[in-house]
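Reading through the structure tokens given below for one structure.
See below:
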């Protein structure tokens, strides 16, 4: 016959086991922006796992305890004033976007061996030490567009979007380029979006969208059918149609003024040559998640 003391101990052990089991259950995400958060976090986790696996085992415990300091993610006053002046973001949005930027930068923070491939150096002044320019590279930028903004487009357009953001041709997105590009993506006016799309479609950056550029863009957008005798024929027909529609001054090429006039008349033509902006739902989800 069991004593009352043993029964009490059994109940206590069962209750303790139940509590431990409940603590092991993962917390539930709210529906609001949950998918976006998971997609964005997956990028960070993948990079973190990669960086940890390359560390010696003796350093892994130290790396696990090391976190980014508050000082490192606090937005400097100069950058805050720039973003406040040149973008459409509010104070709390600027702070949140700067923190995201610094976290993205941390994913590709150079090591002594990879420093040359991960950073941009300035060696134009002889006798002075080179300046390392930090920024978001093309790989992380592509992941950001895919996973956060659901922007899936052709490789050529993806590269052009990066180039338009990277106005200084550094091969990396500086914090200024980060805020400027996101301002257009998330809160841009119609005129700003028109100018952005035009710059993306102007493949050689000469100030015009030529007929050849239109053909190349439309050719990449079309899905080729096996039964098509000439797969380029559809792209040629669309190019002729677009030229008649957009070339207001009939000079055989599309200027920014031609493009702007046409889009203001027919807003649905904004991304006629390929998708280069996130849809409103993705933007709203990103903003609401950032403010949460």
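In full-length UniProt numbering, the protein residues as written are 1 to 292. All C-beta atoms, glycine included, are put in the ideal place defined by N, C-alpha and C.
Item: Runs of beta strand (DSSP E) wholly within the region 245 to 275 (minimum 3 residues, chain order); Value: 253 to 255
Item: Residue 90, buried or exposed, once every other Cβ within 10 Å from all chains shown has been counted against 16; Value: exposed
Item: Contact set for residue 164: own chain, Cβ-Cβ below 6 angstroms, skip 5 residues either direction; Value: 199, 200
Item: Buried versus exposed call for residue 251 [16 or more other C-beta atoms within 10 Å across all chains shown]; Value: exposed
Item: Distance, residue 249 Cα to residue 174 Cα; Value: 38 angstroms
Item: Any beta strand (DSSP E) of 3 or more consecutive residues that is wholly inside the region 177 to 230; Value: 208 to 210
Item: Short CB-CB distance (under 8 angstroms) between residue 201 and chain B; Value: The structure shown contains no chain B; it is built from a single protein chain.
Item: Proximity below 8 angstroms, CB of residue 83 to CB of residue 94; Value: yes
Item: Beta bridge counterpart(s) of residue 136 as assigned by DSSP; Value: 173
Item: CA nearest to the CA of residue 106, picked from 180, 85, 140, 86; Value: 140
Item: Own chain, CB closer than 7 angstroms to residue 217, minus 5 neighbours either side, in chain order; Value: 201, 273, 274
Item: Residue from 211, 177, 261 with nearest C-alpha to residue 168; Value: 177
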